[in-house]
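If you read the sequence shown in the working numbering, its first letter stands for residue 1, the second for the next number, and so on. Note that CB positions come from ideal geometry on N, CA and C, so glycine has one too. To keep things clear, I will list the structure first and then write my remarks on it.
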Amino acid sequence: MAKVNKELKILNNLIEGIDDKKGLDIVALDLQGISLVADYFIICHGNSDIQVQAIATELKKRAIANGLPVKGIEGMNSARWVLMDFGDYVAHIFHKDERGYYNLERLWSDAKRVNLG
């Protein structure tokens, strides 16, 4: 139970970072028992390249502050789809023009959505 509370606290902190940078349509998916890639996917989008990069920068700061490993970050230069691997948490930050095309929520439709309260 304590592990779950810690995981959700970290997840909420990351989501607050997205919200602080005005990220849109934030979705968190619980992949535990579904994927070995990560326990949680966080998906959102920004309206511009600069906003996508600002969201990614904020998430990196928060991941480090929460003691999460920054295993990889891809797509920062183009800012069309930034993929951030923090171990048990993977963030997908899309440019608004790309999000619907990839539709990760549909691809991972068997995952439970985490209530973001």
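Remark: C-beta atoms of ILE43 and GLU105 approach each other more closely than 8 angstroms. Three or more Cβ pairs drawn from the stretch 82–90 and the stretch 33–51 lie within less than 8 angstroms of each other, which places the two stretches in contact.
With a cut-off of 8 angstroms on Cβ pairs, the stretch 62–74 is not in contact with the stretch 27–37, counting fewer than three such pairs. Taking the CA atoms as reference points, LEU116 sits about 11 angstroms from LYS9. Closest in C-alpha terms to TRP81, from the list ASP20, GLY67, VAL52, comes VAL52.
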